[in-house]
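In terms of numbering that gives the first Met the number 0, the sequence shown opens at residue 0 and continues consecutively. Ideal Cβ placement from N, Cα and C applies to all residues, glycine included. Following: one structure in structure tokens, then a few remarks.
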Amino acid sequence: MVRLDVATVVRHGAAIAAGLDDRWLRDGQRGLVEALRRRDQRHDYRVWSYMAGRRATAAVLAELSDAGRLGTAAAELPEKLGLIDTRLPAIAPMPLPDSMPLPWQPDDADHHDTDRWCAQTAAAAQIYRRAYADTQPFVLAETSRWHRLHWSVLAEHRTLITTIGDHETTGDPEELADELIGAAWETWPEAARAYPYQGAPAAATDRYLIVRGRHLHSDAVHREWLALHPQLATALGWTHDPTQLFTWNGPDGAWRARTRLFHRGQLSHQPPARTVCAQIWQVQLSDLGMVELQVEFPTLATYLHVSRFPDRKSSNTGHSGVHSVVSVKYD
């Protein structure tokens, strides 16, 4: 690739970004926020500078490629720069299985009573705990966001965390959930195209079970995802399936662990009232996968963190929520 003057390229890209007439980009960040506010879609907000920069970078690369200045790097640059992700979109959303419990409320619930909705967090967690304990395949990890689209848009978040060793469930539930996630999940800012990576071996007493991909400041198709930790899979003798992202097979060729994405409703549109919308990421284990994991780590423990919020804004900021953490015992 021919060396170019960086300042010249950046100035050209900035000029392209300033002239973009995309309806989501015109009028800058304030215009984007106002457009989403009018559509009641502020929960879909993405950083304006990344959206504009991504488009401008693509335009600059196209011009350089047309001019023959990129050489053999032309085919690789868009993905290396994060402009596209050819792997993560392969995780196709699936409908919710019947075994997955919808946000619970008593039959006599007043959907306008947001205080009662939040006060029922602990009771809901107890009901969900029984459902997760009986579910098949086994769920090793989950992050899910639920919205009841009644007045004020009631929100619920669930996180299922499996750790090596038991933890006390007393104390502040929100702090406990953060502690559990920190002990079992490795946050990974890299793009999904680099999975599975092989880092330095983790200590046996402090081994992560899950990789949590987070691309919050980007225009990625999915800004958060879950997958089995590659080091754990390698330690168990499993191999990554090259045809199915985040799927690991045993020596017999059958799957042991996989990632599933579930959707219900259209979270980016205004659905009918009295509807439940959700997005759920799960890492699932087959029966044999669960057995092999328990043989390697006989002290596995699973916990469910449930958070409820009175409205969508609170759920996005994490403020004004009520939290509960319960232990899940698989049969």
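| Item | Value |
| --- | --- |
| Extent of the continuous alpha helix (DSSP H) run through Ile209 | From DSSP, Ile209 is part of no alpha helix (DSSP H) but of the beta strand (DSSP E) over Ile209 to Arg213. |
| Whether Arg115 touches Asp109 by CB criterion (8 Å) | yes |
| Proximal residues to Arg157 (C-beta, below 6 Å), its chain only, five neighbours per side dropped | Ser143 and Val305 |
| Distance between beta carbons of Pro195 and Pro229, contact taken as under 8 Å | 4 Å |
| Cα-Cα separation, Met99 to Gln28 | 38 Å |
| Beta bridge counterpart(s) of Gln281 as assigned by DSSP | Glu141 and Arg259 |
| Own chain partners of Ile126 with C-beta closer than 6 Å, once the 5 adjacent residues on each side are dropped | Trp103 |
| Reduced DSSP category for Ser64 - H, G, I as helix; E, B as strand; rest coil | helix |
| Per-residue DSSP class, three states only, for Ala202 | A caution first: Ala202 carries a pLDDT of 45, below 50, which makes its placement in the model too unreliable to give a value. |
| Cβ neighbours of Ser323 in the same chain (closer than 6 Å, five flanking residues each side left out) | Thr120, Ala121, Ala124, Pro172 and Val305 |
| Beta-carbon gap between Arg53 and Leu82 smaller than 8 Å | yes |
| Same chain only: Cβ atoms within 8 Å of Ala132, ignoring 5 sequence neighbours per side | Val327, Lys328, Tyr329 and Asp330 |
| Whether Ala140 touches Ile90 by CB criterion (8 Å) | no |
| Close-in-space but distant-in-sequence residues of the same chain around Thr7 (CB under 7 Å, 5 per side omitted) | none |
| Cutoff 6 Å; reference Ala58; Cβ partners in own chain excluding five residues on either side | Ile15 |
| The stretch 55 to 69 touching the stretch 223 to 243, judged by at least three CB pairs closer than 8 Å | no |
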